[in-house]
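Written below as structure tokens is the structure these notes are about.
Number of protein chains: 2
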Amino acid sequence: MKKYIPILKRTKLFAGVTDEEIGVMLSCLDARLHTYKKGEYVLRQGEHLNCITVLVDGELHIQRDDYWGNRAIINRIAVGEMFGEAYIAPESGALLNDVVAVEDSAVIFFDVRRIITVCSSACRFHSMVVQNLFFAISEKNRTLVQKLGHISKRTTREKLISYLSEEAKRQNQSSFTIPFNRQQLADFLSVDRSAMSNELCKMRNEGLIEFEKNQFRLL
Amino acid sequence: MKKYIPILKRTKLFAGVTDEEIGVMLSCLDARLHTYKKGEYVLRQGEHLNCITVLVDGELHIQRDDYWGNRAIINRIAVGEMFGEAYIAPESGALLNDVVAVEDSAVIFFDVRRIITVCSSACRFHSMVVQNLFFAISEKNRTLVQKLGHISKRTTREKLISYLSEEAKRQNQSSFTIPFNRQQLADFLSVDRSAMSNELCKMRNEGLIEFEKNQFRLL
DNA sequence: ACAAGTCGGTTGTATTTACAACGGAAAAGA
DNA sequence: TCTTTTCCGTTGTAAATACAACCGACTTGT
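Listed in order, the protein sequences are those of chains A and B.
The first sequence begins at 10 in this note's numbering and counts up one residue at a time.
The second sequence begins at 10 in this note's numbering and counts up one residue at a time.
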């Protein structure tokens with residue numbers, strides 16, 4: 010697990026904490042490492058979780074399939090990001106979504122209560138992590154609201170424009186790569202893949218965008 | 010401001026804190042009270058916020074109007090709930106939404122940094138509030154995901170069923186009142202009001218639901 | 001009591017979408 | 001290399017939606 014310390018160091022959760030301090034916290038927070046093959050479920054809807062988790066390798070989707078097989082990709086977790094932070098509270102209840110490995114992945118689980126219960130020794134790095142956790146959850150909150158902004162648009166085209174322009178802004182360039190293939194993007198924006206594909210091509214024909222595979226450019 | 014202590018006491022943020030302790034914190038956290046008339050803006054998109062706020066009277070909508078005048082109601086804030094928690098981090102940037110008073114309302118603003126920076130005296134109630142804040146933000150996170158679940162449904166009917174059945178479950182009875190009028194519900198679910206109205210009546214004709222004004226019953 | 005405004009249901013039409021099915025190109029696997 | 005699978009664009013059709021317009025019931029304010 011120690012080999013992931015350099016990665017943990019770059020996460021929002023452990024920002025400003027030194028390697029040695031992280032090493033100490035790994036045992037202090039009862040960290041456990043699990044690995045998953047592409048396609049495996051990390052967590053399933055209905056399970057209970059009392060850990061904060063950090064993805065240290067691979068990629069995860071937080072998603073939900075409904076009764077009719079429609080998939081909604083709620084969120085995407087990249088290396089260094091965390092998930093499970095919505096279930097910190099003891100009375101949080103069961104998970105509402107599945108968490109699936111889209112690539113071979115490695116996840117570290119941390120005991121929640123040991124994080125948010127400030128230890129008696131009140132170590133410097135612990136209170137740092139507490140504050141980091143605040144910021145991280147808070148930021149995820151904003152991310153969710155932004156996503157709401159995308160899918161609350163009425164038409165497929167508007168959803169695409171909303172998503173693509175935010176992505177361009179986030180990556181700070183008009184040409185950028187998105188982390189989804191077509192089906193995944195459709196699931197993320199909650200639209201039909203073929204309809205979306207169609208709309209994308211229309212937009213290209215109208216000279217609004219260019220794209221090839223996952224590479225997009227706004228014009 | 011002291012007259013709102015009984016209300017604050019029942020909020021998630023101050024759960025488990027006594028009246029006197031809240032009284033102390035009001036000054037300790039630099040609390041400020043503002044009141045708003047129905048229709049007034051509490052905060053506007055683009056502004057900066059470095060406070061956690063609690064609604065102590067009235068009702069707020071967190072919403073966003075796009076260029077074409079389409080309104081999306083992101084969330085509803087009831088008495089005792091808080092907002093602004095997504096902007097705790099110093100680098101959060103500007104507000105992405107408007108916050109509007111739907112009724113005459115009163116809001117208390119608390120300085121964020123004084124909350125999350127544990128004071129040197131490490132008072133009992135302060136660490137309590139820190140933990141409460143964790144749980145509250147975390148819960149809001151879940152609320153947002155639930156809302157995503159509603160509007161990620163493809164048809165108006167599915168959105169309605171998703172929303173109404175969650176509301177029934179939340180209020181723990183098949184007959185319940187919703188906090189929106191038709192237009193607001195449409196804005197909340199991101200659909201057209203008349204189309205939604207139409208769909209509601211179809212569902213009634215099919216014997217799925219009953220309703221009158223804001224009172225609904227699932228059958 | 002009257003006028004103005006709000007609210008919710010209804011209808012028709014043009015637009016948009018989902019869905020199913022297909023095919024070619026590229027990638028993955030044997 | 002050959003086969004299989006994945007990915008993505010295309011098309012046609014049926015279904016669902018947005019939009020505008022209208023009406024009656026009810027509320028609010030004067």
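In this text, a Cβ means the ideal position worked out from N, Cα and C, and glycines have one as well.
Let me know the secondary structure DSSP gives residue i once reduced to three states.
{"i": "Q192 (chain A)", "result": "helix"}
{"i": "E221 (chain B)", "result": "strand"}
{"i": "Q140 (chain A)", "result": "helix"}
{"i": "H159 (chain B)", "result": "helix"}
{"i": "D28 (chain B)", "result": "helix"}
{"i": "I125 (chain B)", "result": "helix"}
{"i": "M91 (chain B)", "result": "strand"}
{"i": "Y76 (chain A)", "result": "coil"}
{"i": "S171 (chain A)", "result": "helix"}
{"i": "V200 (chain A)", "result": "coil"}
{"i": "R133 (chain A)", "result": "helix"}
{"i": "S114 (chain A)", "result": "strand"}
{"i": "R151 (chain B)", "result": "helix"}
{"i": "S184 (chain B)", "result": "strand"}
{"i": "A40 (chain A)", "result": "coil"}
{"i": "N84 (chain B)", "result": "strand"}
{"i": "R226 (chain A)", "result": "strand"}
{"i": "L105 (chain A)", "result": "coil"}
{"i": "I16 (chain B)", "result": "helix"}
{"i": "L35 (chain B)", "result": "helix"}
{"i": "T164 (chain A)", "result": "coil"}
{"i": "I146 (chain A)", "result": "helix"}
{"i": "L22 (chain B)", "result": "coil"}
Going by the C-beta, is residue i closer than 7 Å to any heavy atom of the ligand ADP?
{"i": "A195 (chain B)", "result": "Absent from the structure shown: the ligand ADP. Ligands present: none."}
What separation, rounded to the nearest whole angstrom, lies between the Cα atoms of residue i and residue j?
{"i": "T44 (chain B)", "j": "V51 (chain B)", "result": "9 Å"}
{"i": "K149 (chain A)", "j": "K12 (chain B)", "result": "34 Å"}
{"i": "F119 (chain B)", "j": "I61 (chain B)", "result": "5 Å"}
{"i": "A40 (chain A)", "j": "L194 (chain A)", "result": "33 Å"}
{"i": "D66 (chain A)", "j": "D113 (chain A)", "result": "8 Å"}
{"i": "C167 (chain B)", "j": "M137 (chain A)", "result": "Checking the sequence, you will find Glu at residue 167 (chain B) rather than Cys. Approximately 44 Å, taken between the alpha carbons."}
{"i": "T126 (chain B)", "j": "Y172 (chain A)", "result": "35 Å"}
{"i": "P15 (chain B)", "j": "G89 (chain B)", "result": "10 Å"}
{"i": "L42 (chain A)", "j": "G93 (chain A)", "result": "15 Å"}
{"i": "S184 (chain A)", "j": "K156 (chain A)", "result": "21 Å"}
{"i": "F143 (chain B)", "j": "N223 (chain B)", "result": "33 Å"}
{"i": "F134 (chain B)", "j": "W77 (chain B)", "result": "47 Å"}
{"i": "E175 (chain A)", "j": "D28 (chain B)", "result": "45 Å"}
{"i": "A98 (chain A)", "j": "I160 (chain A)", "result": "28 Å"}
{"i": "T186 (chain B)", "j": "N190 (chain A)", "result": "42 Å"}
{"i": "I146 (chain B)", "j": "R202 (chain B)", "result": "31 Å"}
{"i": "R179 (chain A)", "j": "V200 (chain A)", "result": "23 Å"}
{"i": "V33 (chain B)", "j": "E215 (chain B)", "result": "57 Å"}
Go through its chain and collect everything with a Cβ distance to residue i's Cβ below 6 Å, but skip five positions before and after it.
{"i": "N59 (chain B)", "result": "V121"}
{"i": "M212 (chain B)", "result": "I218"}
{"i": "G25 (chain B)", "result": "M137"}
{"i": "R53 (chain B)", "result": "D107"}
{"i": "F23 (chain B)", "result": "L17 and I31"}
{"i": "E49 (chain A)", "result": "A110"}
{"i": "I86 (chain A)", "result": "L64, L69 and F92"}
Going along chain B, which residues have a C-beta under 7 Å from residue i?
{"i": "I125 (chain A)", "result": "Q140 and F143"}
Closer than 9 Å by beta-carbon distance: list the chain A residues that pair up with residue i, in chain order.
{"i": "R163 (chain B)", "result": "N79, S199, V200 and D201"}
{"i": "E68 (chain B)", "result": "Here the premise fails: no neighbours, minimum Cβ distance about 19 Å."}
If you drop the 5 nearest sequence neighbours on each side, which residues of the same chain put their C-beta closer than 8 Å to that of residue i?
{"i": "T152 (chain B)", "result": "N84"}
{"i": "R123 (chain B)", "result": "C37, L38 and D39"}
{"i": "L169 (chain A)", "result": "L198, M205, E208, L209 and M212"}
{"i": "L104 (chain A)", "result": "L52, R53, Q54, G55, E56, H57, L58 and Y96"}
What does residue i reach in chain B if we use C-beta pairs closer than 8 Å?
{"i": "I170 (chain A)", "result": "What I170 (chain A) touches in chain B: nothing, since even the nearest Cβ is about 11 Å away."}
{"i": "R248 (chain A)", "result": "Residue 248 (chain A) falls outside the range modelled here, since chain A spans only 10 to 228, and no answer is possible."}
{"i": "E94 (chain A)", "result": "S147 and N150"}
Identify the contact partners of residue i in chain A, using a Cβ-Cβ distance below 8 Å as the criterion.
{"i": "I160 (chain B)", "result": "L157, I160, S161 and S199"}
For residue i, which residues in the same chain have their Cβ closer than 7 Å to its Cβ, ignoring the five residues on either side in sequence?
{"i": "I82 (chain A)", "result": "H70, Q72, Q193, D196 and F197"}
{"i": "L227 (chain B)", "result": "L173, S174, A177, S183 and I218"}
Find the residues of chain B that neighbour residue i, judging by a C-beta separation of less than 9 Å, and give them in chain order.
{"i": "I83 (chain A)", "result": "V154, L157, G158 and S161"}
Next on the checklist: Closer than 7 Å between beta carbons: that is the criterion. Which residues of the segment 139-154 of chain A meet it against chain B?
Outcome noted: Q140, F143, F144, I146, S147, E148, K149, N150, R151, L153 and V154
Checklist entry - Listed from N- to C-terminal order along the chain, which residues in the segment 97-114 of chain A have their beta-carbon within a distance smaller than 9 Å of any beta-carbon of chain B? => result I97, A98, P99, E100, S101, G102, L105 and N106
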